[in-house]
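Undergrad: Residue numbers (the numbering used here): 10 to 105. Quick reminder that beta carbons are idealized off the backbone N, C-alpha and C, glycines included. This structure is a prediction, so every number in the text was calculated from the model and none was measured.
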Amino acid sequence: GNIAVLFCMALFGSPLIALRTVFREKSAKSIPLPFTIATVINCFLWSVFGLFEIHDVNVYFPNLVGLAFGLCQVALKLFFGDGPSGGMSEKLNTVL
10 GNIAVLFCMA LFGSPLIALR TVFREKSAKS IPLPFTIATV INCFLWSVFG
60 LFEIHDVNVY FPNLVGLAFG LCQVALKLFF GDGPSGGMSE KLNTVL
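#1: To the nearest angstrom, how far is the alpha carbon of Asp65 from that of Gly59?
#2: Do the stretch 66-81 and the stretch 42-58 make contact, defined as three or more Cβ pairs closer than 8 Å?
#3: With burial defined as no fewer than 16 other Cβ atoms inside 10 Å of the residue's Cβ, what is the status of Phe16: buried or exposed?
#4: Can you grab the Cα-Cα spacing for the pair Ala84 / Ile40, in whole Å?
#5: Between the C-alpha atoms of Ile12 and Ala19, what's the straight-line distance to the nearest angstrom?
#6: Quick one: Cα of Leu87 to Cα of Val31, how far?
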């Protein structure tokens, strides 16, 4: 059971391996958006179920971690976009 939980959390955070590339290239193109959205929705629903319905730490803890990983990926996608001119970081630079 615990090994499966570790594999699950590794799966949720796997797109964050590209973090160095995202910051170096100022592009979140390497983070897959469909997987990220599916992760956020899945982890949110399982976290709610684990916390409020079955009160099982083996359900809600890895999914809360996965939700945090997914939200970090969404934030990177929003901030950097898919290229140097695609994200909010470039829009902030033009305003400042």
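TA: With the structure as the only source:
#1: Within the sequence shown, the letter at position 56 stands for residue 65. Within the sequence shown, the letter at position 50 stands for residue 59. Each residue's Cα considered, the two are about 5 Å apart.
#2: In this structure the stretch 66-81 lies against the stretch 42-58, because at least three pairs of beta carbons, one per stretch, are closer than 8 Å.
#3: Looking up residue 16 in the sequence shown gives position 7. Exposed is the call here.
#4: For the purposes of this step, residue 84 is taken as the residue at position 75 of the sequence shown. For the purposes of this step, residue 40 is taken as the residue at position 31 of the sequence shown. Cα to Cα, Ala84 sits roughly 11 Å from Ile40.
#5: On the sequence shown, position 3 is the one that residue 12 refers to. On the sequence shown, position 10 is the one that residue 19 refers to. The straight-line gap from Cα to Cα measures roughly 11 Å.
#6: For the purposes of this step, residue 87 is taken as residue 78 along the sequence shown, with counting starting at 1. For the purposes of this step, residue 31 is taken as residue 22 along the sequence shown, with counting starting at 1. Cα to Cα, the separation comes out at about 12 Å.
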